[in-house]
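Novice: Got a structure here, written out as structure tokens. Questions coming.
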Amino acid sequence: MAAPKKPSKISDEHKVKLAAGRDQSRSVARYLEALETHRPKQGRKRSAETVAKQLSATELSLKGASGITRLELLQAQRDLKAEAERLSDSVDIAALEAAFVKVARAYGERKGINYGTWRDFGVAADVLKKAGIARTRSTGATK
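Using the numbering used here, the first residue of the sequence shown is number 1, and each one after it goes up by one.
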């Protein structure tokens with residue numbers, strides 16, 4: 001019978017590196033989530049006031065509506081409420097960006113993520129430049 005394995009001890013240095021990796025991942029994830037959630041949509045930008053006006057107009061129209069019109073107005077009302085909630089969510093994108101800039105280069109190098117991949121996701125070129133991530137030619141090869 002084989003002798004039971006002793007649990008391996010992780011050095012303090014290794015623990016520090018693991019914690020740093022988790023912190024980097026957290027900063028990158030928060031910034032990327034904020035980018036996806038608050039990505040500008042095509043078309044005219046609507047303010048919270050405009051959405052509120054449209055919502056009240058929709059609610060007035062609902063009072064006399066029936067059938068298909070009522071169904072469509074109910075969906076419009078739901079969409080407008082969701083948009084109003086999204087517009088009222090205040091995310092400090094500047095703070096998230098600053099945290100991202102501090103760790104993005106090290107994170108990208110550690111994970112093998114290049115400039116083009118960051119750009120494909122939607123990270124702005126100026127943000128990548130601040131992070132020290134240089135534009136590179138793609139060789140088509142991966143690690």
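Note that CB positions come from ideal geometry on N, CA and C, so glycine has one too.
Since this is a predicted model, take the numbers as computed values, not measurements.
Is the beta carbon of Ala48 sitting closer than 8 angstroms to the one on Ala84?
Specialist: Counted from its first residue, the sequence shown places residue 48 at position 48. Counted from its first residue, the sequence shown places residue 84 at position 84. Yes, the Cβ-Cβ distance between Ala48 and Ala84 is below 8 angstroms.
Novice: Under three-state DSSP, which class holds Ala20?
Specialist: Translated into the one-based positions of the sequence shown, residue 20 becomes position 20. In this structure, Ala20 counts as helix in the three-state DSSP scheme.
Novice: Tell me whether the segment 6–13 and the segment 61–81 touch, counting them as touching only if at least three CB pairs, one residue from each stretch, are closer than 8 angstroms.
Specialist: Touching, no, given that fewer than three Cβ pairs across the two stretches are closer than 8 angstroms.
Novice: Mind the definition here: the segment 93–104 touches the segment 23–42 only if three or more C-beta pairs lie below 8 angstroms; say whether that holds.
Specialist: Touching, yes, given that three or more Cβ pairs across the two stretches are closer than 8 angstroms.
Novice: Can you check whether the CB of Arg105 is closer than 8 angstroms to the CB of Gly132?
Specialist: Here residue 132 is taken as the residue at index 132 of the sequence shown, counted from 1. Here residue 105 is taken as the residue at index 105 of the sequence shown, counted from 1. Cβ atoms of Gly132 and Arg105: closer than 8 angstroms.
Novice: To the nearest angstrom, how far is the alpha carbon of Ser27 from that of Ala20?
Specialist: Along the sequence shown, read from residue 1 onward, the residue named residue 27 stands at position 27. Along the sequence shown, read from residue 1 onward, the residue named residue 20 stands at position 20. Straight-line Cα distance between these residues: approximately 11 angstroms.
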